[in-house]
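The listed protein sequences correspond, in order, to chains U and P. Using the working numbering, you'd call the opening residue of the first sequence number 1 and step up by one each time. Using the working numbering, you'd call the opening residue of the second sequence number 1 and step up by one each time. Cβ coordinates follow ideal geometry from the N, Cα and C atoms, glycine included. None of the values given here were measured: they were computed from a predicted structure.
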Amino acid sequence: MSDNSAKDAARAERYAALEAEAPVIDRAAYGKHSRRAVLTGGLTALAAAVSFRWVANRPLDNRTPDVLRRGHEFNEALWRRLSRDGAMAPTFDRSESSELRVNGRHGIREEIDLDTWELRVEGPDGSLLGTHQMDDITAFAKTEMTIEHKCVEGWSHVVTWGGTVFSEFAEQYREQLGDLPEFVSLETPDGDYYVGMDIASMLHPQTMLTYELQGEPLSSLHGAPLRLTTPNKYGIKQLKRIGTIRFTNEQPTDYWYERGYDWYAQL
Amino acid sequence: MSTTEQQPVWPVEDETEKVAVLKHTRASRWMHWINFPLLTIMIYSGLRIYWADLRDPFGFGVGLVGWHWFDFLPDVINEELSLDRKLAKGMAYHFTFGWLFVINGVAYALYTWRSGEWRQLLPDRYSARDAVEVVKHDLFIRNKPLPPQARYNGAQRWSYSIIIGLGGIAVLTGFAIYKPTQLNFLTTLFGGYESSRTIHFAVTMAFIGFFVIHLLQVARAGWGNFTSMVTGYQLVDRPVGRRTTDEDTPDAPRTDELENADV
Chain U
1 MSDNSAKDAA RAERYAALEA EAPVIDRAAY GKHSRRAVLT GGLTALAAAV
51 SFRWVANRPL DNRTPDVLRR GHEFNEALWR RLSRDGAMAP TFDRSESSEL
101 RVNGRHGIRE EIDLDTWELR VEGPDGSLLG THQMDDITAF AKTEMTIEHK
151 CVEGWSHVVT WGGTVFSEFA EQYREQLGDL PEFVSLETPD GDYYVGMDIA
201 SMLHPQTMLT YELQGEPLSS LHGAPLRLTT PNKYGIKQLK RIGTIRFTNE
251 QPTDYWYERG YDWYAQL
Chain P
1 MSTTEQQPVW PVEDETEKVA VLKHTRASRW MHWINFPLLT IMIYSGLRIY
51 WADLRDPFGF GVGLVGWHWF DFLPDVINEE LSLDRKLAKG MAYHFTFGWL
101 FVINGVAYAL YTWRSGEWRQ LLPDRYSARD AVEVVKHDLF IRNKPLPPQA
151 RYNGAQRWSY SIIIGLGGIA VLTGFAIYKP TQLNFLTTLF GGYESSRTIH
201 FAVTMAFIGF FVIHLLQVAR AGWGNFTSMV TGYQLVDRPV GRRTTDEDTP
251 DAPRTDELEN ADV
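The following block contains the structure:
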């Protein structure tokens, strides 16, 4: 036990030394100081509460208080700046794929005739640059990738997509467009669902015009005949049943952006 | 962790006077109180994100009868706080206020390191044993006096250090979920996307657990202890003649600490 008491003594000495460092003031100074501290604290708490109410009550910019919308834009600018060319989303082994949950039905509620479906490609002035049938899309070498598909709601699935890399498809419009415009807008044939994408994300090598899921043709609920997929954005950006692809110089609006979400939605 | 029962580290003599001893420096008080509303906003907006899926994704249960024996958050919380269908709001608050939480946390870490305050905070070679004694005492299992301590007892050193470390893990797993492609090294470090999410939510549960125990302990430690987090000072009885202020001992080797103190 003598070992313990020596330890206790060493500990007491050590802690006494630490505590001896603490500044000491007398009661009068303490009283004055306390009143000031309570006043400062109270006013700060009040200011904080008022500021928070102020943020929550700011005018809405696409259903989000404008201050928080600026927050989204700050984050977008920051992460765009930090992005590196050629950075890829992780890929997985195909055996890890699982059945993909069907979540959104926006823009695909009506049945369509897949035989008469066509993809319209438009330029910045709204002019029609070209139309495509599925054969035009499948004429490109098929790319298969197994990636983690993430929903903004939080769930995720490892899935295998098959399709045409968008940058390869877009190559045919390079001459007509000159430099590719900054943005791409995609819409379902009925126009009910639409997404806006930055051109860098569209030209990313993992961004595809996709027509297969787990090696099978896309089902209607997953966006037959052709949908957008990219592991670099949440599912809300991966439009099902593409009707129109429009190159544009102005940031296109976006279905979920208008409903309060971040426009960039980058992962 | 009750500090009113703290043993004076100097000999108690007959003649004493009440003096105020600095316990929490101005910087640490500000950062403590700034952290409180920020963490509250982060947890509340985080729950809105958590419940966007409308299932408790990390509940474990008996699948056959669909009975959950453990939910991270029981549905009643979702219903009471009406958290669902608020995902866009949750994300907007989480990703804006998150920066303030990060800035405050980094400032605290730098301050604690540079000021030497870490010597009062991090567990030392006595803390593990002391912590056991303190917990036994607080649970009324043991009646002996508490072991000697400096600013914090062993249990406080451990719990405060762990909760601050968990703050760091909350931030890192948060970034791992937020940018799983751009920061995929971080996501991989935490075992992938799903695993990062699990850790992030588990840490949140730890924060809530800490908060409850923290409040109970503060209530138990008494008013004088609580006000020291506001004023910085705690009133104690000291033997007359033991007073030391920077005025009395201008050459005392603790000018660093005094600069941070608001005497």
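- Listed as beta-bridge partners of residue 217(U) by DSSP are 212(U).
- For residue 247(U), the secondary structure class from DSSP, reduced to helix, strand or coil, is strand.
- Here DSSP, grouped into helix, strand and coil, assigns residue 162(U) to strand.
- Neighbours of residue 77(P) in chain U, taken as residues whose beta carbon is under 8 Å from its own, are absent, since the nearest beta carbon is some 16 Å off.
- At a cut-off of 7 Å between beta carbons, residue 127(U) makes no contact with chain P.
- Here the alpha carbon of residue 34(P) sits roughly 24 Å from the alpha carbon of residue 155(P).
- Under the 7 Å criterion on CB atoms, residue 44(P) is classed as non-interfacial with respect to chain U.
- Taken in chain order, the whole alpha helix (DSSP H) runs of length 4 or more contained in the stretch 24 to 64 of chain U are 27 to 56.
- Look at residue 20(P) here: in three-state DSSP terms it is strand.
- Just measuring C-alpha positions, the residue of 241(U), 5(U), 35(U) and 17(U) sitting nearest residue 190(U) is 241(U).
- Note: residue 131(U) is bridge-paired with 120(U) in the DSSP secondary-structure output.
- The residues 148, 149 and 150, in chain order, have a CB closer than 8 Å to that of residue 156(U) in the same chain once the five nearest residues on each side in sequence are set aside.
- Relative to the Cα of residue 146(P), the nearest Cα in the group 134(P), 139(P), 202(P) and 152(P) belongs to 134(P).
- Around the beta carbon of residue 225(U), a 10 Å sphere encloses 16 or more other beta carbons of the protein chains shown; the residue is thus reported as buried.
- CA-to-CA, the gap between residue 36(P) and residue 234(U) works out to about 31 Å.
- Contact between residue 152(P) and residue 27(P) is ruled out by a C-beta separation of about 17 Å, above the 8 Å threshold.
- Sixteen is the threshold: since fewer than 16 other Cβ atoms of the shown chains lie within 10 Å of the Cβ of residue 172(U), the residue is exposed.
- In the structure shown, residue 37(P) adopts helical secondary structure according to DSSP, grouped into three states.
- DSSP places residue 104(U) outside both helix and strand once states are collapsed to three, so it counts as coil.
- When secondary structure is reduced to three states using DSSP, residue 204(U) falls in the coil class, being assigned neither helix nor strand.
- The beta-bridge partner set that DSSP reports for residue 233(U) consists of 266(U).
- One Cα belongs to residue 70(U), the other to residue 226(P), and the distance between them is close to 38 Å.
- Taken atom to atom, the span from the alpha-carbon of residue 18(P) to that of residue 26(U) is near 7 Å.
- Secondary structure of residue 85(U) (DSSP, three-state): coil.
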